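Asker: Counting in our numbering, the sequence shown runs from 198 upward without gaps. Attaching a single structure in structure tokens format; questions to follow.
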Amino acid sequence: HVVVGPNYTFGFQGKGTPEILRKAGIAYHFDVQVPEAVLVEGSLVSSTLIRQLIAGGDVQQAAKLLGRPFTMDGKVINGDQRGRLLGYPTANLPIPPGMVIPADGVYAVQIKIGTTWLNGVANVGVNPTFNGQIRRLEVFILNFNGDLYNKEVRVSFLSRLRGEIRFAGAEALKEQIILDINDAQRFF
Numbered sequence: 198h199v200v201v202g203p204n205y206t207f208g209f210q211g212k213g214t215p216e217i218l219r220k221a222g223i224a225y226h227f228d229v230q231v232p233e234a235v236l237v238e239g240s241l242v243s244s245t246l247i248r249q250l251i252a253g254g255d256v257q258q259a260a261k262l263l264g265r266p267f268t269m270d271g272k273v274i275n276g277d278q279r280g281r282l283l284g285y286p287t288a289n290l291p292i293p294p295g296m297v298i299p300a301d302g303v304y305a306v307q308i309k310i311g312t313t314w315l316n317g318v319a320n321v322g323v324n325p326t327f328n329g330q331i332r333r334l335e336v337f338i339l340n341f342n343g344d345l346y347n348k349e350v351r352v353s354f355l356s357r358l359r360g361e362i363r364f365a366g367a368e369a370l371k372e373q374i375i376l377d378i379n380d381a382q383r384f385f
């Protein structure tokens, strides 16, 4: 059983259409379902639009079209321990190659650990204050003090707070983290 949108294309130069897929379904014995287009707040819901919104950092609008917040799953890995040294330890998740992720910046998030959802502030990016090179997701979890290394978590993006900034040093970054945490509180 295959479900595709009315504007779906596939194959060489995207010349395959839902009708061609239906014919293939008859020939190869699978069902093809093409639901009617859906509009949300005047926007045609499509995977392309949703990916563009996420990549642009507009996770709130993407959530409206998805019917839920955009999420990323991953196993917590060791980071550079800078957050811990600043007093804000983070759960670090690698970014899978080819995955659409939110634009670099700081986000109000919720993180699921086991069956529990906790509030947090996440940074997506390369950590330019410390000349980072690897793009990653780092989540500071509010009111949490535990070991998450090698644990599977789910991060749910609620809203973009700001873009990623290169600060003059660790103290300036620490001051901004406090502001980001306060700003994120309005989403919880």
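Beta carbons are placed, not taken as given, at the ideal position from N, Cα and C, and that holds for glycine. Since this is a predicted model, take the numbers as computed values, not measurements.
1. Is the beta carbon of proline 293 sitting closer than 8 Å to the one on leucine 355?
2. Helix, strand or coil for proline 266, going by three-state DSSP, please let me know.
3. Exposed or buried, glycine 271, counting other C-beta atoms within 10 Å across all chains shown (16 or more means buried)?
4. If the criterion is Cβ atoms closer than 8 Å, does the pair glycine 254 and proline 299 meet it?
5. Do you know offhand how far valine 200's Cα is from glutamate 349's?
6. Given a cut-off of 8 Å, decide if tyrosine 285 and proline 374 are closer than it, judged by their beta-carbon atoms.
7. With 16 other CB atoms within 10 Å as the buried threshold, where does glutamine 307 fall?
8. Can you give me the start and stop residues for the alpha helix (DSSP H) that leucine 376 sits inside?
9. For arginine 363, which residues of its own chain have a beta-carbon under 8 Å away from its beta-carbon, when the five flanking residues on both sides are left out?
10. Smallest Cα separation from glutamine 258: which of Leu236, Ile274, Asp277 and Gly276?
11. For the putative contact between threonine 268 and valine 352, defined by C-beta atoms under 8 Å, what is the C-beta separation to the nearest angstrom?
12. Checking 8 Å against the spacing of the C-beta atoms, do alanine 234 and leucine 241 come in under that value?
13. For leucine 250, which of helix, strand or coil comes out of DSSP?
14. Hey, would you say proline 203 sits closer than 8 Å to valine 229, going by beta carbons?
15. Under three-state DSSP, which class holds glycine 302?
16. Pull the bridge partners of asparagine 289 from the DSSP assignment, please.
17. Answer yes or no: the CB of aspartate 228 versus the heavy atoms of the ligand GDP, is any distance below 7 Å?
18. Straight-line CA distance for glycine 208 to alanine 319?
19. Evaluate isoleucine 387 with the Cβ neighbour count: other Cβ atoms within 10 Å of its Cβ, from every protein chain shown; 16 or more gives buried, anything less gives exposed.
Answerer: Looking at the atomic coordinates:
1. no
2. coil
3. buried
4. yes
5. 29 Å
6. Note that residue 374 is isoleucine in the sequence shown, not proline. It is a contact, given that the beta carbons lie within the stated cut-off.
7. buried
8. 367 to 381
9. Pro325 and Thr326
10. Leu236
11. 6 Å
12. yes
13. helix
14. no
15. strand
16. Ile274 and Glu335
17. By its list of ligands, the structure shown contains no ligand whatsoever, and the ligand GDP lies outside what it can speak to.
18. 37 Å
19. The structure shown does not extend to residue 387, since the chain is modelled only from 198 to 385, so the question has no answer here.
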